[in-house]
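Notes for the one structure printed next.
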Amino acid sequence: MMTSDVIIIGAGIIGNACAYYLAKKGYKVTVLEKSDIIGNGGSSRNGGGVRQSGRDPRELPLAMYGIENLWPNLSEELGYDVEYHKKGNLRLGKTEAHLKTLKKLADSASACGLDVRMIDGDEVRQINPYLSKEVIGASWCPTDGHANPLKATLAYYMAARRLGATFITGEDVKCIKKIRGKARQVITQTDTYEGDYIVLAAGMASRAIAGTVGIDIPMVQKLIEALVTEAEPKMFEQMLGTAEADFYGHQTDHGSFVIGGSTGFELYKKDNGTPMNYSDTVPCICRGIIRYIPMLKDAKIVRAWAGWSDNMKDGVPVIDTVSEVPGLVLACGFTGHGFGIAPGVGTVVSQLIAGEEPVCDISGLKYDRFYAKDIKTA
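Counting from 1, position 336 in the sequence shown corresponds to residue 336 in the UniProt record's numbering; the numbering is continuous, with no gaps.
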């Protein structure tokens, strides 16, 4: 049996960031990962957005804190270039209904102190001349940006390792075991790990694992598909998204475009539990992209991939201790937009375990928001 101060389940960017900030505080940390590869899930296969705009107000403090205090110096701190660029985010609209959606999001974020505003189609093309005339407006947040998901995930992993954290891959967690009422052990198919705290950051798998100690996290899996092109001449540095979130992406330092999208058909595809691309969905995504960026019509796709997103019932993650299970800390349900807030999440999880006041407000992300309240009985 291996004993540590903290056992983290999941070695995606959330688990790795938690490991780094905990190890930085002096905790002995062990990270367990089911896959044989670190960051083999959505952490290394997403659009790379580091954004504040378009977020629910409950998770906006994490995004704003991270962009102001963590992302700007992250490459230097972790000793590895994560390719972070703070060049703004255009969330595009092509219809009046789109603009109404974007304005509602922008007004909500602006009320929280974020610098975001609505602009018309002409101003959109002044910022990014490669966008089509179909775009009639957008929300513009100049402090948003993007980074390289694979490099950022690996940077946290390598930095945590240097601080003494232990990573064990190929470990399929079967359950969490309580001892004297406290979450104390993590049981895998081959071994038992014991710690004072257990951080559950295993994406969609978190629901089943939490269920072994009687905790239900209301989330479902959603298929998300993405693609990457060959290197293209440098065009623009902004992060792009849309009102309906059916397209998002950016151009990398390498010159390739990393783009995610949806078609509306994802729920109707048959599969054997393995996320996979389909012959009709990737072309559908590409047709949508061309209507936004016509110059990409001849770009060659290098590869495409699909993965599961852990979509929470109310669209925001749960980052909290659990009163019913002392010692358990939840950091899951990121609903496809956890990458950009990962540094903030790692920071506040380390503070929760250390008994410190979190650097930003996470009160809207508590687990008890799902408790049945004010139920009237006959």
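Virtual Cβ for every residue (Gly too), placed ideally from N, Cα, C.
Starting from residue i, follow its DSSP beta bridges and name the residues at the other end.
| i | result |
| --- | --- |
| Ser309 | Lys222 |
| Asp120 | Gly137 |
| Phe257 | Gln251 |
| Cys175 | Ile187 |
| Tyr197 | Val6 |
| Phe167 | Val31 |
| Val228 | Val258, Arg303 |
| Leu240 | Leu90, Gly249 |
| residue 382 | Residue 382 lies beyond the stretch modelled for the chain, which goes from 1 to 378, so this question has no answer here. |
| Gly145 | Val50 |
| Lys182 | Ile179 |
| Thr192 | Ile187 |
Kindly list the residues whose CB is nearer than 7 Å to the CB of residue i, restricted to its own chain and excluding five residues on each side of it in sequence; keep chain order.
| i | result |
| --- | --- |
| Arg58 | Val316, Gly364, Leu365 |
| Leu78 | Ala155, Tyr156, Ala159 |
| Val322 | Ile215, Leu328, Leu330, Tyr367 |
| Gly333 | Ile217, Met219, Asp310, Met312, Pro317, Val318 |
| Met64 | Gln52, Leu114 |
| Ala152 | Ile13, Val82 |
Quick one: residues in its chain with C-beta nearer than 8 Å to the C-beta of residue i, no 5 flanking neighbours on either side, listed in chain order?
| i | result |
| --- | --- |
| Pro233 | Gly255 |
| Ile209 | Ile9, Val173, Cys175, Ile176, Leu200, Ala202 |
| Leu60 | Gln52, Ala109, Cys112, Leu114 |
| Ala23 | Val29, Ala160, Leu163, Gly164, Ala165 |
| Asn73 | none |
| Cys360 | Pro61, Leu62, Met64, Tyr65, Gly344, Val348 |
Taking the C-alpha atoms as reference points, what is the distance between residue i and residue j?
| i | j | result |
| --- | --- | --- |
| Ile13 | Met158 | 12 Å |
| Glu76 | Thr3 | 31 Å |
| Val302 | Leu227 | 8 Å |
| Phe167 | Arg161 | 8 Å |
| Arg45 | Cys175 | 27 Å |
| Ile9 | Thr252 | 30 Å |
| Met239 | Lys34 | 32 Å |
| Tyr130 | Met235 | 8 Å |
| Asp246 | Cys286 | 11 Å |
| Asn148 | Ile290 | 23 Å |
| Ile375 | Val329 | Residue placement at Ile375 cannot be trusted, given a pLDDT of 47 that sits under 50; the coordinates are not used to answer. |
| Glu83 | Glu230 | 18 Å |
| His337 | Gly49 | 8 Å |
| Ala109 | Arg55 | 8 Å |
| Thr335 | Gly42 | 11 Å |
| His85 | Pro142 | 11 Å |
| Leu102 | Asp144 | 16 Å |
| Asp195 | Lys178 | With the sequence shown as reference, residue 195 is identified as Gly, and Asp is not the correct amino acid for it. Between Gly195 and Lys178, the C-alpha separation is close to 11 Å. |
| residue 463 | Lys100 | Residue 463 lies beyond the stretch modelled for the chain, which goes from 1 to 378, so this question has no answer here. |
| Gln185 | Tyr371 | 26 Å |
| Ala106 | Val116 | 6 Å |
| Leu193 | Tyr27 | A small correction: the amino acid at residue 193 is Tyr; Leu does not occupy that position in the sequence shown. In a straight line, the C-alpha of Tyr193 is about 15 Å away from that of Tyr27. |
| Ile7 | Pro283 | 42 Å |
| Gly47 | Trp140 | 18 Å |
| Thr377 | Asn40 | With a pLDDT of only 48 at Thr377, under 50, the local geometry of the prediction cannot be trusted, and no value is derived from it. |
| Met295 | Ala17 | 37 Å |
Cutting at 6 Å between CB atoms, please list the residues of its own chain near residue i, excluding the five before and the five after it.
| i | result |
| --- | --- |
| Glu171 | Leu32, Thr188 |
| Lys182 | Pro326, Gly327 |
| Gly241 | Arg91, Tyr248 |
| Leu70 | Pro343 |
Relative to the C-alpha of residue i, which residue among the options is closest?
| i | options | result |
| --- | --- | --- |
| Leu90 | Asp36, Thr252, Asp81, Ser53 | Ser53 |
| Val124 | Leu114, Asp115, Ala138 | Ala138 |
| Glu30 | Asp314, Ala11, Asp36 | According to the sequence as given, residue 30 is Thr; it is not Glu. Selected option, being the one with the closest Cα: Ala11. |
| Thr95 | Ala17, Val135, Pro326 | Val135 |
| Glu68 | Glu356, Gly355, Lys300, Gly340 | Gly340 |
| Gly344 | Ile7, Asp5, Ala19, Val6 | Ala19 |
| Val348 | Glu237, Gly15, Pro326 | Gly15 |
| Leu352 | Leu163, Trp305, Tyr292, Ile198 | Ile198 |
| Ile37 | Thr169, Val359, Arg369, Leu70 | Thr169 |
| Thr281 | Ile224, Pro294, Lys300, Glu324 | Ile224 |
| Asn128 | Ile293, Phe370, Arg369, Ala17 | Ile293 |
| Thr212 | Gly93, Glu357, Glu324, Ala97 | Glu324 |
| Asp5 | His250, Glu237, Ala354 | Ala354 |
| Met1 | Thr190, Leu150, Gly288, Lys87 | Thr190 |
Next on the checklist: Please give the ranges of any beta strand (DSSP E) in the stretch 286–342, keeping only runs that are unbroken, at least 3 residues long and fully inside the region.
Outcome noted: The qualifying runs are 301–312, 318–321, 328–332.
Item to check | beta strand (DSSP E) segments (min. 3 residues) lying fully within the stretch 67–119 | outcome: Here the runs fully enclosed are 89–93.
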